[in-house]
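**Student:** Note that my numbering numbers the sequence shown so that position 245 is 1730, with each residue one more than the last.
Beta carbons are placed, not taken as given, at the ideal position from N, Cα and C, and that holds for glycine.
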Amino acid sequence: MDTRLKYKQHIARAASKGLEAALELTRLRGLPTATARQLFSATVAPIVDYASNIWMHAYRYRNTAPINRVQRIGAQAIVGTFLTVATSIAEIEASIPTALERFWKRAIKLWVDIHTLPKTNPLHRITSRVRKFYRSYRSPFHQVAYRLKDMPLEELESIQPFALKPWEKRVQAFNYENATKQPEAEWDIRVAVSSSACNDVVGIGGVVRGTPFIDGDATSEEFSFTLGLRTEQNPYSGELAAMSHALNLLPNVSHRRIALLTTNKAVALSLRNPRQQSGQVYIRSIYKSFAKLWRNGNGLLVFWVPSSDENELLQLAKREARQATKEGATPTKRFPRMQSTTLNLEKKKLTSERHFPDGVGKHSKRVDAALPGQHTRQLYDNRPWIERNVLAQMRTDRTRLNNSMYRIHAATSRQCACGHEPETVAHFLFRCTQWEQHRTKMHQCTETNRGNLSFFLGGKSPLDGPDWQPNLKAVQATISFALATGRLENKQHI
Ligand SMILES: [Zn+2]
1486 MDTRLKYKQH
1496 IARAASKGLE
1506 AALELTRLRG
1516 LPTATARQLF
1526 SATVAPIVDY
1536 ASNIWMHAYR
1546 YRNTAPINRV
1556 QRIGAQAIVG
1566 TFLTVATSIA
1576 EIEASIPTAL
1586 ERFWKRAIKL
1596 WVDIHTLPKT
1606 NPLHRITSRV
1616 RKFYRSYRSP
1626 FHQVAYRLKD
1636 MPLEELESIQ
1646 PFALKPWEKR
1656 VQAFNYENAT
1666 KQPEAEWDIR
1676 VAVSSSACND
1686 VVGIGGVVRG
1696 TPFIDGDATS
1706 EEFSFTLGLR
1716 TEQNPYSGEL
1726 AAMSHALNLL
1736 PNVSHRRIAL
1746 LTTNKAVALS
1756 LRNPRQQSGQ
1766 VYIRSIYKSF
1776 AKLWRNGNGL
1786 LVFWVPSSDE
1796 NELLQLAKRE
1806 ARQATKEGAT
1816 PTKRFPRMQS
1826 TTLNLEKKKL
1836 TSERHFPDGV
1846 GKHSKRVDAA
1856 LPGQHTRQLY
1866 DNRPWIERNV
1876 LAQMRTDRTR
1886 LNNSMYRIHA
1896 ATSRQCACGH
1906 EPETVAHFLF
1916 RCTQWEQHRT
1926 KMHQCTETNR
1936 GNLSFFLGGK
1946 SPLDGPDWQP
1956 NLKAVQATIS
1966 FALATGRLEN
1976 KQHI
């Protein structure tokens, strides 16, 4: 690493690479909104965020400018906001996370990943030291450790780089409907597992049915127990835990054909090809049982059954699992906390902290009290670019109207050509005498809300109740009006 490399330069370099990618995106004008948003997070964001863990602590004050520019260009490619719109407003309109939120997501992932390292990893031992807070010297990582200090990390599972040695045998997994037309009775032993997440706990259930088990009669054994809290476990880890438990119930059988049934495709896939992933502790335990069964000459297949409705065993397993998540159910034994669940909880917390920043976007706040919200997607998605652009102009008050142009010294006066008052968005939409003939459709939308800027721009006004939904018909009428006047269009974009 270049020791003279300053964080500021480093951030600028990350931004300039991101800028290139963002400009590529703006060239693809015809893209649907959702696709553009996805492309932004798939092609631009990773370039900017690369190694952000190292420099994110220096991303503040003036250093934010180059990356903010990338964000604004991204927002322009997605919904058509102008580059003069404040970054945070553009991000909210385009419904993309802020750069800082993305950096924190990465930091959280790193923090959790470090704590799932196996004991043999040299970094495993230093995590306890990172978490001690030195007063004299605070590393950049201190910020991350401090912010996440309340995150529960005890009992976190440890994840090996490889679940199995490369030469170890893997189990085969199939889609039940495509793979086998054999009647179920042809299997000597069938194992069905299920999990349920309800009442803040994850419960598991399963059934093992054999013909006959060891020597005696045909046997069927069912089990069900509460695996853990929903904040520690998930339905996927539940199914794996159930599978592991069910295999332990199998007596010492040999030369049998055994079918393992699950409704969770992810479970079947990760059993077929275990990787460095959450839930590995259960997968390893399952493979231990597999190895023993294979040694005794048993044949094993995993089946993924898309719907449990027609399968009696899976239905039984599901019922058992639900039993374990009845109200008041509590886990009795402690299982390792899942990395994926811990991570998701923390990411959700981060997303819930989104807020409208102070000191910017007076117009946006007035027009739409529901910002930041998911409804902006409804407003912009599935519209041609020119319509998005026109709507974004009016919602952000960065328009081609004189009031806006005067602010950036692109017009000599705020006054509208009609001569009555400054050409603001409200004047343009409701009062300007030049466009009276185009307003019919807007008038048809409402009797009571005439002149209500929020209503016509798909925003929530302070008077709207909690059940408010944007009136998309009114938004469409507004856009059609704006396009009919031709006042907001730039011939370059057509
Ligand atoms: Zn006018």
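With DSSP as the reference, label I1577 as helix, strand or coil.
**Tutor:** What you label residue 1577 is simply residue 92 of the sequence shown in a count that begins at 1. It is helical.
**Student:** Leaving out the 5 sequence neighbours to the left and right, which residues in its chain are closer than 6 Å to V1692 when beta-carbon positions are compared?
**Tutor:** Translated into the one-based positions of the sequence shown, residue 1692 becomes position 207. If we look at V1692 and ignore the five residues flanking it on each side, its Cβ neighbours are A1677, E1707, L1798, L1801 and A1802.
**Student:** Helix or strand or just coil, what does DSSP make of I1893?
**Tutor:** One-based indexing of the sequence shown puts residue 1893 at position 408. Three-state DSSP puts I1893 in coil, outside helix and strand.
**Student:** Assuming contact is defined by CB atoms lying nearer than 8 Å, are D1551 and A1497 in contact in what I supplied?
**Tutor:** Along the sequence shown, one-based indexing puts residue 1551 at 66. Along the sequence shown, one-based indexing puts residue 1497 at 12. Inspection of the sequence shows that residue 1551 is occupied by Pro rather than by Asp. Contact flag set, yes.
**Student:** Should the stretch 1621-1638 be regarded as contacting the stretch 1745-1761, the criterion being three or more beta carbon pairs within less than 8 Å?
**Tutor:** Judged by Cβ distances under 8 Å, the stretch 1621-1638 makes no contact with the stretch 1745-1761, as fewer than three pairs qualify.
**Student:** Would you list the one or two residues that DSSP bridges to F1710?
**Tutor:** For the purposes of this step, residue 1710 is taken as residue 225 along the sequence shown, with counting starting at 1. According to DSSP, which records beta bridges pairwise, F1710 is partnered with I1689.
**Student:** Which residues in the same chain as Q1657 place their Cβ atom closer than 6 Å to its Cβ, once the five residues preceding and following it in sequence are excluded?
**Tutor:** By one-based count along the sequence shown, residue 1657 stands at place 172. For Q1657, where only same-chain residues beyond five positions count, the Cβ hits under 6 Å are L1786.
**Student:** Quick check: the Cα distance between N1781 and F1775, rounded to an integer number of angstroms?
**Tutor:** Reading the sequence shown from its first residue, position 296 is the one you call residue 1781. Reading the sequence shown from its first residue, position 290 is the one you call residue 1775. Each residue's alpha carbon lies about 10 Å from the other.
**Student:** Heavy atom of ligand 1 less than 7 Å from the Cβ of Q1922, yes or no?
**Tutor:** Reading the sequence shown from its first residue, position 437 is the one you call residue 1922. The answer is no for Q1922.
**Student:** Please determine whether the Cβ atom of E1908 lies at a distance below 7 Å from any heavy atom of ligand 1.
**Tutor:** Position 423 of the sequence shown holds residue 1908. Answer for E1908: yes, Cβ within range of ligand 1.
**Student:** For the beta strand (DSSP E) that contains N1553, what are its first and last residues?
**Tutor:** For the purposes of this step, residue 1553 is taken as the residue at position 68 of the sequence shown. Taken as a continuous stretch (DSSP letters only), N1553 belongs to no beta strand (DSSP E), being part of the alpha helix (DSSP H) at A1550 to V1564.
**Student:** Starting from the C-beta of F1820, find all residues in its chain whose C-beta is less than 8 Å away, skip the five residues before and the five after it, and write them out in chain order.
**Tutor:** The residue you call residue 1820 lines up with position 335 of the sequence shown. Closer than 8 Å at the Cβ level, and outside the excluded window around F1820, lie L1712, G1713, E1717, Q1718 and A1726.
**Student:** Checking 8 Å against the spacing of the C-beta atoms, do L1524 and L1504 come in under that value?
**Tutor:** Working through the sequence shown from its first residue, we reach residue 1524 at position 39. Working through the sequence shown from its first residue, we reach residue 1504 at position 19. Not closer than 8 Å, so no.
**Student:** By Cβ distance below 8 Å, which residues in the same chain neighbour L1968 in space, the five residues on each side in sequence not counted?
**Tutor:** Along the sequence shown, one-based indexing puts residue 1968 at 483. These residues qualify, in order along the chain: I1871, E1872, V1875 and E1974.
**Student:** DSSP state of V1676, grouped into three classes?
**Tutor:** Within the sequence shown, residue 1676 is the residue found at index 191, counting from 1. Strand at V1676.
**Student:** Residues in the same chain with beta-carbon distance under 7 Å from Y1980, minus the five sequence neighbours each way, listed in chain order, please.
**Tutor:** Residue coverage of the chain in this structure runs from 1486 to 1979, which leaves residue 1980 outside it and unanswerable.
**Student:** Excluding five sequence neighbours on each side, which residues of the same chain lie with their C-beta closer than 6 Å to the C-beta of E1724?
**Tutor:** Numbered from its first residue, the sequence shown carries residue 1724 at position 239. So the list reads V1678, S1680, T1747, N1749 and V1752, once near-sequence residues are dropped.
**Student:** Are there any heavy atoms of ligand 1 lying less than 7 Å away from the beta-carbon of H1848, as far as the coordinates show?
**Tutor:** Counting from one through the sequence shown, the residue named residue 1848 turns up at place 363. Because no heavy atom of ligand 1 lies under 7 Å away, the Cβ of H1848 does not count as near it: no.
**Student:** Quick check on the burial criterion: 16 or more other C-beta atoms within 10 angstroms. Buried or exposed for Y1767?
**Tutor:** Position 282 of the sequence shown holds residue 1767. The residue is buried, with at least 16 neighbouring Cβ atoms inside 10 Å.
**Student:** Does G1503 come out as helix, strand or coil in the three-state DSSP assignment?
**Tutor:** Mapped onto the sequence shown, residue 1503 falls at position 18. Correct three-state label for G1503: helix.
**Student:** Helix, strand or coil for A1727? Go by DSSP, reduced to three states.
**Tutor:** Position 242 of the sequence shown, counted from the first residue, corresponds to residue 1727. In the structure shown, A1727 sits in a helix (DSSP, three-state: H, G or I).
**Student:** Return helix, strand or coil for A1682, following the three-state DSSP convention.
**Tutor:** In the sequence shown, the residue the question calls residue 1682 occupies position 197. In this structure, A1682 counts as strand in the three-state DSSP scheme.
**Student:** For a quick check, are the C-beta atoms of A1527 and Q1556 less than 8 Å apart?
**Tutor:** The residue you call residue 1527 lines up with position 42 of the sequence shown. The residue you call residue 1556 lines up with position 71 of the sequence shown. The answer is no: Cβ separation not under 8 Å.
**Student:** Say whether the stretch 1925-1933 touches the stretch 1952-1965, bearing in mind that this needs 3 or more beta-carbon pairs closer than 8 Å, one atom from each stretch.
**Tutor:** A contact exists between the stretch 1925-1933 and the stretch 1952-1965.
**Student:** Just to confirm my understanding: we take M1728, look at its own chain, exclude 5 residues before and 5 after, and list those with CB closer than 6 Å. What are they?
**Tutor:** Here residue 1728 corresponds to residue number 243 of the sequence shown, with the count starting at 1. Only V1678 and I1771 meet the Cβ criterion.
**Student:** Just curious, the beta strand (DSSP E) that I1743 is in, first and last residue?
**Tutor:** Looking up residue 1743 in the sequence shown gives position 258. Looking at the DSSP string, the run of the beta strand (DSSP E) that includes I1743 is R1742 to T1747.
**Student:** Within 7 Å: the Cβ of A1902 and any heavy atom of ligand 1?
**Tutor:** Start at 1 with the first residue of the sequence shown, and residue 1902 comes out as number 417. True, at least one ligand heavy atom lies under 7 Å from that Cβ.
**Student:** I'd like the list of long-range same chain contacts for I1979, defined as Cβ closer than 8 Å, with 5 residues on each side in sequence excluded.
**Tutor:** The count along the sequence shown starts at 1 and reaches residue 1979 at position 494. Any reading at I1979 is ruled out, since the residue's pLDDT is 39, under 50, leaving its predicted position unreliable.
**Student:** Reducing DSSP to helix, strand and coil, say where P1531 ends up.
**Tutor:** Numbered from 1 along the sequence shown, position 46 holds the residue referred to as residue 1531. Reduced to three states, the DSSP call for P1531 is helix.
**Student:** Between Q1494 and ligand 1, is there a pair consisting of the residue's CB and a ligand heavy atom that are separated by less than 7 Å?
**Tutor:** Numbered from its first residue, the sequence shown carries residue 1494 at position 9. Answer for Q1494: no, Cβ out of range of ligand 1.
**Student:** Can you tell me where the alpha helix (DSSP H) holding A1521 begins and where it ends?
**Tutor:** Working through the sequence shown from its first residue, we reach residue 1521 at position 36. Per DSSP, A1521 belongs to the alpha helix (DSSP H) from T1518 to L1524.
**Student:** At a cut-off of 7 Å, is C1917 close to ligand 1 when judged by its beta-carbon and the heavy atoms of the ligand?
**Tutor:** Working through the sequence shown from its first residue, we reach residue 1917 at position 432. Yes, the beta carbon of C1917 sits closer than 7 Å to at least one heavy atom of ligand 1.
**Student:** Compute every distance between the C-beta of H1928 and the non-hydrogen atoms of ligand 1, then say whether any falls below 7 Å.
**Tutor:** For the purposes of this step, residue 1928 is taken as the residue at position 443 of the sequence shown. No; taking the cut-off as 7 Å, the Cβ of H1928 has no heavy atom of ligand 1 nearer than that.
**Student:** Should S1755 be labelled buried (16 or more other beta-carbon atoms within 10 Å of its own) or exposed?
**Tutor:** As a position in the sequence shown, residue 1755 is number 270, starting the count at 1. Per the 10 Å Cβ criterion, buried.
**Student:** Measuring alpha carbon to alpha carbon, tell me which of R1822, L1856 and L1745 ends up nearest L1732.
**Tutor:** The residue given as residue 1732 occupies position 247 in the sequence shown. Among R1822, L1856 and L1745, the Cα nearest to that of L1732 is on L1745.
**Student:** Answer yes or no: the CB of H1627 versus the heavy atoms of ligand 1, is any distance below 7 Å?
**Tutor:** Start at 1 with the first residue of the sequence shown, and residue 1627 comes out as number 142. H1627: no, Cβ never under 7 Å from ligand 1.
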